[in-house]
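Report on one structure; see the data block that follows.
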Amino acid sequence: MYNEYLPPYKAAVDAGVAAVMTSFNVVDGIPASGNKWLLTDLLRKQWGFKGLVVSDYTSINEMSEHGLGDVQQVSSLSLKAGMDMDMMSEGFQNTLKKSLNEGKLAQKQIEDACRRILEAKYKLGLFDDPYRYCNKERATEIFSEAHRKAGREMAAKSFVLLKNNNQLLPLKKSGTIAVVGPLADSRRNMLGAWSVAGD
45 MYNEYLPPYK AAVDAGVAAV MTSFNVVDGI PASGNKWLLT DLLRKQWGFK GLVVSDYTSI
105 NEMSEHGLGD VQQVSSLSLK AGMDMDMMSE GFQNTLKKSL NEGKLAQKQI EDACRRILEA
165 KYKLGLFDDP YRYCNKERAT EIFSEAHRKA GREMAAKSFV LLKNNNQLLP LKKSGTIAVV
225 GPLADSRRNM LGAWSVAGD
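Going by this note's numbering, the first residue of the sequence shown is number 45, and it counts up by one from there.
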């Protein structure tokens, strides 16, 4: 793990990345979104990361599928492991107060997570302008011709090419090819689940 998987993440932390998102994978039998070793011992203590840790979409409540408890239990586990923000599980929103009242969490753990979220918002300028990034002009800028061209160039440079054994490519115009399966005629799904406004 230290030799293969962690170096790019360590480089991002060293370069000053402001936020880290957990994933759905499991490290030593514990999902990343509730893994104290990963989020606190490694990320914060060993690497000195000071920023915000956010879950992937519903990854906190999906820890229940790993047998780690109900939504309240996995939400508490996740916060104690070092998670700051719960993306869409709503476990933090709906259960942390109960866990605090039951003595399963410390007030400081909640306050530390809140502080890191508020620090991130402050650094983004959201206290001065809460709608800073919500305007039509910026949307137009994001999808500008220059940005689309840069995106296309980056995508082309990131492709992995297959070896062209027996000169199969380019495909010859003779013959037919069958494209089968549930996505065979789905232009939308071919872009992936997070393509947003892709065409």
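We treat Cβ as the ideally placed atom computed from N, Cα and C, and that holds for glycine.
Whole-Å CB distance - residue i paired with residue j, under 8 Å assumed
i              : j              : result
lysine 80      : lysine 124     : 7 Å
valine 71      : leucine 82     : 5 Å
aspartate 103  : serine 120     : In the sequence on display, residue 103 carries serine and not aspartate. With a Cβ gap of about 15 Å, serine 103 and serine 120 do not count as contacting.
aspartate 100  : methionine 65  : 6 Å
alanine 200    : glycine 95     : Wrong, their Cβ atoms sit about 31 Å apart, outside the cutoff.
leucine 212    : isoleucine 221 : Not confirmed; about 11 Å, so no contact.
isoleucine 154 : leucine 140    : 6 Å
Option in the options with minimal Cα separation from residue i
i                : options                          : result
methionine 132   : Val224, Tyr175, Tyr46 and Val98  : Val98
methionine 45    : Ala183, Leu86 and Asn179         : Leu86
phenylalanine 68 : Gly92, Phe93, Ser108 and Cys178  : Ser108
valine 115       : Glu134, Met127 and Tyr101        : Glu134
alanine 63       : Thr220, Ala157 and Asn105        : Ala157
proline 75       : Met127, Asn208 and Glu48         : Met127
valine 4         : Ala228, Gly92, Asn233 and Leu205 : A question about residue 4 goes unanswered here, because the residues of the chain that appear run from 45 up to 243.
leucine 50       : Leu205, Gln90 and Ala183         : Gln90
Limits of the unbroken alpha helix (DSSP H) element including residue i
i              : result
valine 224     : First-last for valine 224: undefined, no H or E at that position.
isoleucine 104 : Per DSSP, isoleucine 104 belongs to no alpha helix (DSSP H) and is neither H nor E.
cysteine 178   : Counting along the chain, cysteine 178 falls outside any alpha helix (DSSP H), and DSSP gives it neither H nor E.
asparagine 145 : 135-145
glutamate 155  : 151-167
glycine 195    : 189-202
alanine 55     : 51-58
N- and C-terminal bounds of the beta strand (DSSP E) containing residue i
i             : result
methionine 65 : 63-65
valine 97     : 96-98
Which residues DSSP lists as bridging residue i, in chain order
i              : result
methionine 129 : Val98
proline 75     : Val70
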